[in-house]
Amino acid sequence: MKQTIILGAGMAGIGAGLHLLKRGVDVTIVDQTEPGRETSYGNAGLIQTEAVEPYALPRDIGKLFMIATGISNDVYYEISNLPSHALSLLKYWWYSGPSQYGKISKAYASIISRSTAEHAPFIAEAGAEDLVAHDGFRTFYRDGREFEKGIANAKRLFETYGLGSSVMTGRQLMEAEPHIQISGAGAIHWPDTWAVRDPGSLVVAYADLFRKLGGKIVRGDAQSLSPSGSGWKVTTVDGPVEADAVVVALGPWSPTLLQSFGYDIQMVRKRGYHMHYRSDTPLNVPLMDMANGYVLAPMLKGMRITTGAELTKEASLAAPVQLKRAHKAASEIIPLGSPVENAPWSGTRPCMPDMLPVIGEAPKHKGLWFHFGHGHQGFTLGPATGRMLAELMTGETPFTDATPFRPARLF
Ligand SMILES: Cc1cc2nc3c(=O)[nH]c(=O)nc-3n(C[C@H](O)[C@H](O)[C@H](O)COP(=O)(O)OP(=O)(O)OC[C@H]3O[C@@H](n4cnc5c(N)ncnc54)[C@H](O)[C@@H]3O)c2cc1C
């Protein structure tokens with residue numbers, strides 16, 4: 308394969324583009340907007356080595372009750388949006404069961420463990436070191452019993468995956484974060500997770516590197532994709548672009564495009580919001596408030612609050628209920644100043660019911676490749692799964708077993 312079009316210039320599209328370029332492929336990325344302006348822009352900026360197990364649907368009655376009654380801030384939904392999610396949620400429920408989840412986590416860990424190793428050379432080549440902090444990430448517990456459960460889980464993750472962490476008492480947390488106002492029960496520190504101070508700018512830096520290495524990025528509408536001879540064609544502002552192969556890396560928009568090629572793809576659309584606050588007393592290290600389901604992260608623009616999952620339809624209006632609650636809870640932790648933006652940003656995590664990204668060639672179309680569905684960790688995973696995709700496309704042996712990620716599993 309000599310030429311490839313990649314549809315989508317988020318972390319997934321750019322990550323794949325860089326790996327393909329490095330294998331001598333002529334790559335054009337097509338996006339309707341500038342690189343890194345959508346989901347890859349507004350996330351919590353964590354390159355999450357601690358997320359070795361994907362985010363499952365809670366199956367214990369207590370947690371489900373809290374979600375159903377709106378007590379939990381982790382998940383929010385409007386009843387009218389649930390029917391559109393019924394089938395994908397049912398599947399998500401099934402895959403979250405113990406035996407399925409064990410196999411899924413093993414596959415997930417194999418790509419998560421590769422994430423920083425794939426980001427590191429791109430960060431260096433892009434000259435983006437200033438955007439990335441290496442001081443880890445913390446999960447904060449207000450309640451003693453939940454803290455004990457968190458410690459037991461961290462111990463299990465160490466025994467299963469060798470994942471490092473350390474336990475901090477409330478006092479130790481307050482020493483490490485002098486502006487914190489409440490100690491809670493304590494925190495768990497995950498030292499190997501990296502924190503990006505402006506996620507959108509990291510994607511832009513990777514996009515600049517992509518151009519420097521000879522790749523092209525043009526504006527165009529992915530919906531114009533059509534077969535052309537033995538390859539593919541898409542219309543761009545610079546005219547038609549043709550290639551032997553095309554990669555769909557449209558994040559949450561991928562199913563819409565693929566519907567017109569006969570692929571009915573169920574995705575659990577989990578919307579999240581962010582807002583920045585001016586703060587003279589920021590945190591040093593990003594913190595997840597486990598009782599309230601949000602992340603508080605120091606960013607170049609201010610302290611960014613990112614929320615949990617809102618189950619939405621594609622065209623649903625913004626309903627930043629979780630952000631309001633998160634802001635109240637975060638204000639207890641540190642003084643938050645005035646908001647930087649007038650309105651919150653929102654974006655959608657592209658989650659597959661089996662929690663694994665979709666990586667490989669389409670079952671019914673030669674030269675049509677999938678690279679989407681990275682869910683809660685697409686910012687982390689883009690370069691690692693981009694490597695896997697490039698290896699598959701160029702006939703190399705993938706760095707880890709690619710079978711669990713193959714598109715055919717969805718149909
Ligand atoms: C609140 C929140 C917090 C998160 N926190 C983290 C985190 O800390 N760490 C982490 O790893 N992940 C996190 N995530 C998840 C992560 O952001 C996503 O998994 C990831 O950004 C998906 O990347 P992508 O490239 O697949 O999609 P996107 O970044 O959305 O890219 C898709 C691209 O497709 C383009 N596109 C769409 N339609 C068309 C069209 N018709 N024609 C042309 N182009 C089109 C868009 O313009 C866009 O550039 C978070 C997500 C949210 C919402």
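When the letters of the sequence shown are read in order and numbered with this note's numbering, they come out as residues 308 to 718.
Virtual Cβ for every residue (Gly too), placed ideally from N, Cα, C.
Since this is a predicted model, take the numbers as computed values, not measurements.
Is DSSP giving residue i helix, strand or coil here?
i	result
LEU470	coil
GLY546	strand
ALA552	strand
ARG463	helix
PRO664	coil
PRO390	helix
LYS456	helix
TYR399	helix
SER531	helix
PRO646	strand
GLU360	coil
ASP596	strand
ARG366	coil
MET318	helix
ALA616	strand
GLY536	coil
GLY343	coil
For the beta strand (DSSP E) that residue i lies in, which residues bound it at each end?
i	result
LEU675	675 to 679
THR423	Run containing THR423: none in the beta strand (DSSP E); it sits in the alpha helix (DSSP H), 422 to 433.
TYR601	601 to 606
THR346	Segment 346 to 349 is the alpha helix (DSSP H) holding THR346; no beta strand (DSSP E) there.
LYS722	Shown here, the chain extends from 308 to 718; a query on residue 722 therefore has no answer.
ARG656	652 to 658
ALA502	501 to 503
State the beta-bridge partners of residue i as determined by DSSP.
i	result
GLY324	Paired residue(s): none; GLY324 is not in a bridge.
TYR448	GLY493
GLN488	Per DSSP, none; premise fails for GLN488.
GLN310	ASP333
LEU438	Answer by DSSP bridge pairing: none, since LEU438 is not bridged.
LEU251	No answer is possible for residue 251: the residues shown for the chain start at 308 and end at 718.
Report the option in the options whose CA atom is closest to the CA atom of residue i.
i	options	result
ALA435	PHE444, ALA502, ALA512	ALA512
TYR384	ALA626, LEU663, THR687	ALA626
TYR584	PHE517, SER535, GLN566, TRP652	TRP652
ALA416	GLY493, THR692, TRP560	THR692
LEU327	GLY349, THR701, PRO711	THR701
ARG694	GLN684, GLY682, THR707	THR707
ALA272	ARG445, ARG452, VAL575	Look at the range of the chain in this structure, 308 to 718, and you will see that residue 272 is not part of it.
GLY349	PRO705, ALA709, VAL665, THR614	THR614
ALA529	ASN388, LYS309, GLY320	GLY320
THR655	PRO390, LYS620, ASN380	LYS620
ALA669	ALA622, LEU624, PHE568, ALA616	PHE568
TYR468	PHE429, GLY409, ARG452, GLY522	GLY409
ARG478	HIS486, VAL541, GLU648, SER490	SER490
ARG611	VAL602, GLU617, LEU618	VAL602
ILE312	GLY352, THR542, SER403, PRO506	THR542
PRO593	GLN355, GLN310, GLU341, GLU345	GLN355
ILE411	ASP450, ALA363, PHE454	ALA363
PHE454	GLY527, GLU425, GLY493, HIS486	GLY493
GLU425	THR687, PRO589, THR710, ILE524	THR687
GLY682	SER537, TYR399, GLY331, SER379	TYR399
ARG330	LEU520, LYS462, LEU394, HIS392	LEU520
Tell me whether residue i, by its Cβ, gets closer than 8 angstroms to a heavy atom of ligand 1.
i	result
ASN350	yes
PRO657	yes
LYS577	yes
HIS583	no
LEU688	yes
ASP596	no
ASP338	yes
THR542	no
ILE418	no
PHE679	yes
THR335	no
MET662	no
THR311	no
ASP528	yes
SER533	no
TRP560	yes
ILE487	no
Assuming residue i is part of the alpha helix (DSSP H), what are its boundary residues?
i	result
LEU688	685 to 700
TRP560	Unbroken run through TRP560: none, as it is neither H nor E.
ILE378	From DSSP, ILE378 is part of no alpha helix (DSSP H); its letter is neither H nor E.
GLN407	405 to 419
ALA637	628 to 640
MET582	Per DSSP, MET582 belongs to no alpha helix (DSSP H); it is in the beta strand (DSSP E), 575 to 584.
LEU509	506 to 519
GLU482	477 to 483
Is residue i near ligand 3, judged by its Cβ being under 8 angstroms from some heavy atom?
i	result
GLY315	With respect to ligand 3, the structure shown offers nothing to examine, as its ligands consist of ligand 1.
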